[in-house]
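This report concerns only the one structure given below.
Chains as they are written, first to last, in this note's numbering: chain A, 5 to 204; chain B, 1326 to 1705.
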């Protein structure tokens, strides 16, 4: 075995172990902040696996999108609302855990069966390596153009929705409760905070 | 410090091949020689980064003193050049405190997560045609994605400190980092579009040819300003140092840290500053290029460009030019820090989202149009 193959094997084992243990931690740990940080670790291990498969562009995109954006936003949300309180116990927790454990175990067994019965083409197609960036770009602007544009429209809709929900002054009544919005509570962005001479 | 990924891509010294041949001449097998070679460039770049930080700290102390009409450090060595080492030693010997109600594990992991992506990013900084650790194809994109890991470390340390100032500082740092990443990436994208490549070596290669006139700063003046503002914001330098605004937040996410863990933050922010300056010089100021092309100079002096001695001289000039350009930008950043007031958080977010982002988008559009209209000048 050459040095390169040994290194690849060690990296694969380490990354796979980090991935599986991290994912288990995300699901099983009671502390939601730990789960969120471990999720970042899982995303990073996936990026490492992409690197091992010679897909460096996908790996970098994975880190940028999942670790840099998705995971940071999750953490943001947790830290803005987290009050460090213990949640009250849900009735029938044991049964729920047993049931969800059974479902997960069944799914795992099913996937294992699929993985072992599928005739994988080994070795697969040759990795394109550095050409991948160009290849992805060509696909995005030819046969994957419609999904690409649809995804951008979807994101735009989500963004406009978030802005409408956050800016209550465009609505006269609350969407959730139907009550009138107290216009006095809304901070006017254009009003200077310190130079307000209108109040005596 | 070099790669063999691009054989024949321009001329240049091949240090790796010569070192490995020498080692094999001493009786080592090819694999063993490669193993001995592998850690050398990494260690060299790590040392270069740390020395860069020491120089940076000294410059910061001296320039801030000059701005405020003081003398600054002068007893530790000539002109106080040993002062940063004294600073570092002090931090090493300080007691390492973990606050009683803090989360010990995350508290320790936070500074490490801040430092590692910054050091990893040095992978793609070229000091010459072959003088970089790895000429990876995704080059500059790797740096952008690595720098997006940093906010997680900041959030982690802010949360684990169990201190409201730390948490607010960490949240501010992450918000700032996310908002300025977007115009930064768009500014880089315009350069990448002109170079037809993400690789840092290709980006510099595209700027050689006519010396100073072919540098990207003339073709991308708006992109240069956007990139520099965003880089300062990413490094949390004044006027954008809100996450550690000492008058408002004690010291932000660093409040509870002392000793070596604090030193990691300190090191991380200064390495990041040097790295950003290096990348500005790579993207906009011609990287290792001399203001006059070295090929012309060699031609006027009647020397063949491929001669070993000329090669050594060009490589040295390349390193000196890269470092010189980077430190000119660092000087600018330090001067900015000691002369400008801090922006408010709403002004910071306004600037990022309502000004820099639209301008960066327009810059990208104009670059694309110019590239189609004048392919000869804008890298068709």
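By construction, the Cβ of each residue, glycine as well, lies at the ideal position given by its N, Cα and C atoms. No experiment lies behind these values; they were computed from the predicted model shown.
Classified as exposed, residue 100 of chain A has fewer than 16 neighbouring CB atoms from the shown chains inside 10 Å of its CB.
Using beta-carbon distances, residue 1514 of chain B does not count as an interface residue toward chain A, since no partner is under 8 angstroms.
For residue 1670 of chain B, the enclosing alpha helix (DSSP H) covers residues 1670-1675. Within the same chain, and ignoring the five residues on either side of residue 1539 of chain B in sequence, the residues whose Cβ sits closer than 6 angstroms to its Cβ are 1532. The beta carbon of residue 1589 of chain B sits closer than 8 angstroms to the beta carbons of 1436, 1437, 1439, 1440 from its chain, once the five residues preceding and following it are set aside; these are given in chain order. At the C-beta level, residue 1569 of chain B and residue 1478 of chain B stay beyond 8 angstroms of one another.
Among the residues of chain B, those whose CB is under 8 angstroms from the CB of residue 60 of chain A are 1461, 1462, 1463, 1467, following chain order. Chain A places a beta carbon closer than 8 angstroms to that of residue 1492 of chain B, counting this residue as a contact.
Between the stretch 1678-1692 of chain B and the stretch 1502-1509 of chain B there are three or more inter-stretch CB-CB distances shorter than 8 angstroms, so the stretches are counted as touching. Identification of chain B residues near residue 13 of chain A by a Cβ-Cβ cut-off of 9 angstroms yields none; the smallest Cβ-Cβ distance measures about 16 angstroms. By the criterion of a C-beta distance shorter than 6 angstroms, residue 1628 of chain B is surrounded in its chain by 1635, once the five residues flanking it on both sides are discounted. Within the same chain, Cβ atoms closer than 8 angstroms to the Cβ of residue 1703 of chain B are found at 1519, 1544, 1692, 1695, 1696, the five residues on either side in sequence being excluded. Counted as a single uninterrupted DSSP element, the alpha helix (DSSP H) harbouring residue 143 of chain A occupies residues 136-144. For the stretch 1357-1380 of chain B, the beta-carbon criterion of a distance under 8 angstroms to any beta-carbon of chain A is satisfied by 1359, 1360. Scanning chain A for C-beta atoms nearer than 7 angstroms to the C-beta of residue 1484 of chain B yields 37, 83, reported in chain order. Within chain A, 76, 79, 80 have C-beta atoms less than 8 angstroms from the C-beta of residue 1499 of chain B, given in sequence order. Comparing alpha carbon positions, the residue from B/1601, B/1344, B/1428, B/1678 closest to residue 1648 of chain B is B/1601. Scanning its chain for C-beta atoms nearer than 6 angstroms, with the 5 sequence neighbours on each side dropped, one finds around residue 1555 of chain B the residues 1505, 1508, 1509, in chain order. When Cβ-Cβ separations below 8 angstroms define contact, residue 1470 of chain B makes contact with chain A. In the DSSP assignment, residue 1426 of chain B falls outside any alpha helix (DSSP H), carrying neither H nor E.
Leaving aside the five residues that flank residue 47 of chain A on each side, the residues in its chain whose CB is nearer than 7 angstroms to its CB run, in chain order, 66, 70, 71, 75. Counting along the chain, residue 1699 of chain B sits inside no alpha helix (DSSP H), nor does DSSP assign it H or E at all. Exclusion of the five residues before and after residue 1611 of chain B leaves 1532, 1540 as the residues of its chain whose Cβ lies within less than 6 angstroms of its Cβ. When rounded, the separation of the alpha-carbon atoms in residue 1664 of chain B and residue 1562 of chain B is 12 angstroms. Residue-level contact by beta carbon holds for residue 1473 of chain B and chain A, with a gap shorter than 8 angstroms.
For residue 1420 of chain B, the secondary structure class from DSSP, reduced to helix, strand or coil, is coil. Interface annotation, residue 44 of chain A: in contact with chain B, CB-CB separation under 8 angstroms. Within chain A, 76 have C-beta atoms less than 7 angstroms from the C-beta of residue 1503 of chain B, given in sequence order. Taken atom to atom, the span from the alpha-carbon of residue 1434 of chain B to that of residue 1591 of chain B is near 15 angstroms. Under the three-pair Cβ rule at 8 angstroms, the stretch 1398-1412 of chain B counts as touching the stretch 1373-1387 of chain B. In the three-state reduction of the DSSP assignment, residue 1540 of chain B falls in the coil class, being assigned neither a helical nor a strand state.
Residue 1393 of chain B counts as exposed, since fewer than 16 other C-beta atoms from the protein chains shown sit within 10 angstroms of its C-beta. Contact annotation: the stretch 40-54 of chain A touches the stretch 17-27 of chain A, with at least three C-beta pairs closer than 8 angstroms. Just so you know, the alpha carbons of residue 1362 of chain B and residue 1345 of chain B end up roughly 7 angstroms apart. Taking a C-beta cut-off of 7 angstroms against chain B, none of the residues of the stretch 100-121 of chain A qualify.
For the 8 angstroms CB-CB criterion, residue 1553 of chain B and residue 1599 of chain B do not form a contact.
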